[in-house]
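Some notes on the structure that comes next.
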Amino acid sequence: MAASEKKISYEAARDELAEIVESLEDGSASLEESLKLWERGEELAKICQEWLDGAKKKIDAAKAGNK
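Read left to right, the sequence shown gives residues 128 to 194 (this note's numbering).
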């Protein structure tokens, strides 16, 4: 993942991913465009997962610190 991709917020990645899903579902893109959208969607899904994993680690650490 490029360094610039790490700077994208969870919300921005999620919103772009939702737009890609809509574009793929409406079926108006060519096969080549659809493949590019799919690849970008995979990248965005990974970014979102990294954000969620990081948030879970912080929550787990906070819970462990309160015991």
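A virtual CB, placed ideally from N, CA and C, is assigned to each residue, including glycine.
Just so you know, these numbers come straight off a predicted model, no measurement behind them.
- S150: member of the alpha helix (DSSP H) spanning Y137 to D153, first to last residue.
- Around the Cβ of L171, a 10 Å sphere holds 16 or more other Cβ atoms; the residue is buried.
- Cα atoms of G154 and A145: separation of roughly 15 Å, rounded to the nearest angstrom.
- In the three-state scheme derived from DSSP, where H, G and I count as helix and E and B as strand, K184 is classed as helix.
- 8 Å or more divides the Cβ of L162 from the Cβ of I147.
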